[in-house]
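Engineer: For reference, the structure I am asking about is given below.
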Amino acid sequence: MTTNSDSAEIDSMWQNSCFLTRLVAHSVRVSEAAGGLIKSTMSGGDLKIINKSNTGGQDLQTEADRSAQYLIENSLQKKFGNRLKIIGEEDVTSKVPLSELGVSKDVLEIDAKCSEALRNIKEEDVVIWVDPLDGTSEFAQAAKTKSPLLKQVTVLIGITHNGSAIAGVIHQPYFSDEGRTIWGIKGVGSFGVHYTREDTERIVVTTRSHSTQLVQDALDALEHKHLLTRVDRVGGAGFKVIRCLEDAAAYVFASGGCKKWDTAAPEAILTAAGGKLTDISGRPLYYGADAQKKNTGGVLATAAWINHEEYLHAIPEAVKNSLPEKDPKSQGSK
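Using my numbering, you'd call the opening residue of the sequence shown number 1167 and step up by one each time.
This is how it looks when you write it as structure tokens:
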């Protein structure tokens, strides 16, 4: 329970913190509120699922996606104003009541560790990439069974500056009864996750539901080079990067199906922890306001204890050539 003295202390810390620290501190609470909304939608029983795909594939959206997007966008803009540039996966078509959300004291406490460059960032300098419910397929599938797939559902809020991911928040509403929130700031560190890896294993995580021959070719090459001892097929980019923060060596997705809102928050947190995330050929991902939405070159993420270049070199050239970098800006791509 927050006392008056606690509230006064937090208010003082807020006033003395830079914009980026404030944004992350509030985003933590916003992500948790979105997680609560996701759980209440699940409890209500009617997910109101639609398929957004116009190509014959499957791109599911639920009422939880739509409502959480509204909550995140409007909560952030209520706190920081409309100068914030927010790009979300979902169109805002469902409104929910907004309550006054607090801030994370844990985040405010690290403000002094932010570099001068980070401290100089203003509201108009950032682009925020939001996936209100990463792992919608797993969420929809587990709606009736309440299966362990729910652990793979995350809320992603990624903060970018000059086209690069610099801070992020990942909330796991179904990690436990209360959920779990992981956050990080580049150059400061990542928080909220515990490392559990076994030295003898090199686990590689990849897609559960969107595998292709290119994905399999990349995995086979890593196994041939003894860079892979086990493959775990799981859902959600956020959850895959969480695995790289916990016990996995790498996340490999040799496909152009992943989007910027899937990778912005995970990349920032992984980088803050000492890991690395690029496309499958080693090129950095671009997150400017004019960025194309698709990560056309695929994704390769590696844990802090892994040599990223070693994994890059093991990916076959034929796979890389099949995923060329298109113009990183938005023309011609959604």
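Cβ atoms here follow ideal geometry from the backbone N, Cα and C, with glycine treated the same way. These numbers were taken from a predicted model, which means no experiment stands behind them.
Can you tell me whether DSSP reads Q1318 as helix, strand or coil?
Structural biologist: Translated into positions along the sequence shown, residue 1318 becomes position 152. Three-state result, Q1318: helix.
Engineer: Output needed for H1192: all residues of its chain with C-beta closer than 6 Å, excluding positions within five of it in sequence on either side, in chain order.
Structural biologist: Here residue 1192 refers to the residue found at position 26 when the sequence shown is read from its first residue. Same-chain partners within the cutoff: K1245 and V1269.
Engineer: Count the CB pairs spanning the stretch 1286 to 1300 and the stretch 1365 to 1372 that are closer than 8 Å, and state whether there are at least three.
Structural biologist: Below 8 Å, too few C-beta pairs join the stretch 1286 to 1300 and the stretch 1365 to 1372 to call them touching: fewer than three.
Engineer: Rounded to a whole number of angstroms, what is the C-alpha to C-alpha distance between G1448 and V1400?
Structural biologist: For this step, residue 1448 is matched to residue 282 along the sequence shown. For this step, residue 1400 is matched to residue 234 along the sequence shown. Roughly 23 Å between the two C-alpha positions.
Engineer: G1247 and Q1235 - do their beta-carbons sit closer together than 7 Å?
Structural biologist: The sequence position of residue 1235 within the sequence shown is 69, counting from 1. The sequence position of residue 1247 within the sequence shown is 81, counting from 1. Contact: no.
Engineer: Pick from I1435, G1454, H1474 and D1456: whose alpha carbon is nearest that of D1445?
Structural biologist: Working through the sequence shown from its first residue, we reach residue 1445 at position 279. Closest by alpha carbon: H1474.
Engineer: I'd like the list of long-range same chain contacts for K1500, defined as Cβ closer than 6 Å, with 5 residues on each side in sequence excluded.
Structural biologist: Walking along the sequence shown from the start, residue 1500 turns up at place 334. Residue placement at K1500 is poorly supported in this model, since its pLDDT is 43, which falls under 50; the coordinates still yield a value, given next. Cβ within range, chain order: K1459.
Engineer: For a quick check, are the C-beta atoms of A1430 and Y1452 less than 7 Å apart?
Structural biologist: Taking the sequence shown and counting its residues from 1, one reaches residue 1430 at position 264. Taking the sequence shown and counting its residues from 1, one reaches residue 1452 at position 286. Their beta carbons are not under 7 Å apart, which means A1430 does not touch Y1452 by this criterion.
Engineer: Of the choices K1352, A1384, I1325 and D1413, whose alpha-carbon is the least far from that of A1484?
Structural biologist: Against the sequence shown, residue 1484 aligns to sequence position 318. Nearest of K1352, A1384, I1325 and D1413 to A1484, Cα basis: A1384.
Engineer: In whole angstroms, what is the alpha-carbon distance linking V1296 and I1348?
Structural biologist: Here residue 1296 is taken as the residue at index 130 of the sequence shown, counted from 1. Here residue 1348 is taken as the residue at index 182 of the sequence shown, counted from 1. In a straight line, the C-alpha of V1296 is about 15 Å away from that of I1348.
Engineer: Buried or exposed for Q1338, please, with buried defined as at least 16 other CB atoms from any protein chain shown within 10 angstroms of its CB.
Structural biologist: Here residue 1338 corresponds to residue number 172 of the sequence shown, with the count starting at 1. Buried, because 16 or more other Cβ atoms sit within 10 Å of the Cβ of Q1338.
Engineer: Strictly by DSSP, which residues pair up with I1238?
Structural biologist: Taking the sequence shown and counting its residues from 1, the one referred to as residue 1238 is at position 72. The partner list for I1238 (beta bridge, DSSP) is empty, contrary to what the question assumes.
Engineer: Use the C-beta contact count for L1436: other C-beta atoms within 10 angstroms, 16 or more gives buried, fewer gives exposed.
Structural biologist: Against the sequence shown, residue 1436 aligns to sequence position 270. Classified as buried, L1436 has 16 or more neighbouring CB atoms from the shown chains inside 10 Å of its CB.
Engineer: Which class does L1394 belong to by DSSP, given the choice of helix, strand or coil?
Structural biologist: Looking up residue 1394 in the sequence shown gives position 228. Looking at L1394 - three-state DSSP - the assignment turns out to be coil, as it is neither helix nor strand.
Engineer: Closer than 8 Å by C-beta to E1433: which residues in its own chain qualify, once you throw out the five before and the five after it? Chain order, please.
Structural biologist: Here residue 1433 refers to the residue found at position 267 of the sequence shown. Excluding residues within five positions, the ones whose Cβ falls inside 8 Å are G1324, A1331, G1334, V1407, L1443, L1451 and A1467.
Engineer: Less than 7 Å between the beta carbons of A1457 and K1426, yes or no?
Structural biologist: Within the sequence shown, residue 1457 is the residue found at index 291, counting from 1. Within the sequence shown, residue 1426 is the residue found at index 260, counting from 1. Yes, they are a contact pair.
Engineer: Quick check: Q1301 and G1402, are their CB atoms within less than 7 Å of each other?
Structural biologist: Position 135 of the sequence shown, counted from the first residue, corresponds to residue 1301. Position 236 of the sequence shown, counted from the first residue, corresponds to residue 1402. A small fix is needed here, since residue 1301 is Gly in this sequence, not Gln. Yes, the pair counts as a contact, with Cβ atoms nearer than the cut-off.
Engineer: Tell me, to the nearest whole angstrom, how far the beta carbon of A1480 is from that of L1393; I am working on the premise that it is less than 8 Å.
Structural biologist: Counted from its first residue, the sequence shown places residue 1480 at position 314. Counted from its first residue, the sequence shown places residue 1393 at position 227. A Cβ-Cβ distance of about 6 Å is found for the pair A1480 and L1393, placing them in contact under the 8 Å criterion.
Engineer: Is it buried or exposed for R1195, if we count other Cβ within 10 angstroms and need 16 for buried?
Structural biologist: As a first step, residue 1195 is located in the sequence shown; it is residue number 29 there, counting from the start. Buried, since its Cβ has 16 or more Cβ neighbours within 10 Å.
Engineer: Applying the criterion that 16 or more other CB atoms from any shown protein chain within 10 Å of the CB defines a buried residue, is T1207 buried or exposed?
Structural biologist: The count along the sequence shown starts at 1 and reaches residue 1207 at position 41. With 16 or more other CB atoms across the displayed protein chains lying within 10 angstroms of its CB, T1207 is buried.
Engineer: Could you spell out where the alpha helix (DSSP H) holding D1297 opens and where it closes?
Structural biologist: As a working note, residue 1297 is residue 131 in the sequence shown. Not the alpha helix (DSSP H): D1297 falls in the beta strand (DSSP E), residues V1292 to D1300.
Engineer: Spatial neighbours of K1486 within its chain, please: C-beta separation below 7 Å, excluding the five flanking residues on both sides.
Structural biologist: Position 320 of the sequence shown holds residue 1486. Result list for K1486: I1446 and S1447, in chain order.
Engineer: Considering K1254, what are the terminal residues of the beta strand (DSSP E) in which it resides?
Structural biologist: Within the sequence shown, the letter at position 88 stands for residue 1254. At residue 1254 the sequence reads Gly, which differs from the Lys that was named. From DSSP, the beta strand (DSSP E) with G1254 extends over K1251 to G1254.
Engineer: Assign A1431 to one of three DSSP states: helix, strand, or coil.
Structural biologist: Counting from 1 along the sequence shown, the entry for residue 1431 is found at position 265. A1431: helix per DSSP, three-state reduction.
Engineer: Just tell me which of N1461, E1491 and A1455 has its CA closest to the CA of L1250.
Structural biologist: As a working note, residue 1250 is residue 84 in the sequence shown. Ranking the options by Cα distance to L1250, first place goes to A1455.
Engineer: Decide if T1366 is buried, meaning its Cβ has at least 16 other Cβ atoms within 10 Å, or exposed.
Structural biologist: For this step, residue 1366 is matched to residue 200 along the sequence shown. In summary, T1366 is exposed, with fewer than 16 beta-carbon neighbours lying within 10 Å of its beta-carbon over all protein chains present.
Engineer: With respect to the beta strand (DSSP E) encompassing H1479, which residues constitute its N-terminal and C-terminal limits?
Structural biologist: Taking the sequence shown and counting its residues from 1, the one referred to as residue 1479 is at position 313. Note, H1479: premise wrong, no beta strand (DSSP E); alpha helix (DSSP H) at H1474 to A1480.
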